[in-house]
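Read through the structure below, which is laid out as structure tokens, and then see the notes.
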Amino acid sequence: MLVQLCTERTRALAPNATYFGDMATTERLEPSSLWFVVIPKTLDGADSVAVCGIGGTQEAPVFALEGETLPDGVADIREELLTGAPGGES
10 MLVQLCTERT RALAPNATYF GDMATTERLE PSSLWFVVIP KTLDGADSVA VCGIGGTQEA
70 PVFALEGETL PDGVADIREE LLTGAPGGES
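Take 10 as the starting number for the sequence shown in my numbering and just add one per residue.
Structure below.
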């Protein structure tokens, strides 16, 4: 469900991108109580990833972050979420 939510939320950033949900990763970030979702995708032969920080409940998810970055930017975005200063590329 988290991968689907992130895909839907970031689709507008690159409507023609191909998302690889089967290769996505999800990680619970404590103490922030956010789920960090990373979904590989490609557009016109260029690789990137969709990233989301999702909190709230299953019935009412809250997005702390949504965006996209190059694969090597994932660690920085994860760290920003852990320290409470989200600001990923979009």
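Built from N, CA and C at the ideal position, the CB exists for glycine as well.
Assuming residue i is part of the alpha helix (DSSP H), what are its boundary residues?
i, result
"Leu43", "Unbroken run through Leu43 is the beta strand (DSSP E), Leu43 to Leu52; no alpha helix (DSSP H)."
"Leu14", "Leu11 to Thr19"
"Thr92", "Val83 to Thr92"
Since residue i is in the beta strand (DSSP E), which residue starts that stretch and which ends it?
i, result
"Pro70", "Pro70 to Thr78"
"Leu38", "Thr34 to Leu38"
My understanding is that residue i touches residue j, with C-beta atoms under 8 Å, so please give their C-beta distance in whole angstroms.
i, j, result
"Leu90", "Phe45", "6 Å"
Give me whichever residues DSSP pairs with residue i in a beta bridge.
i, result
"Ala59", "Ile48 and Glu77"
"Gly30", "Beta-bridge pairing links Gly30 to no other residue."
Does the distance from the CB of residue i to the CB of residue j come in under 8 Å?
i, j, result
"Glu77", "Val58", "yes"
"Gly62", "Leu74", "yes"
"Leu79", "Gly64", "no"
"Phe72", "Arg18", "yes"
Q. Quick one: any contact between the segment 21-35 and the segment 46-61, if contact means 3 or more CB pairs under 8 Å?
A. yes
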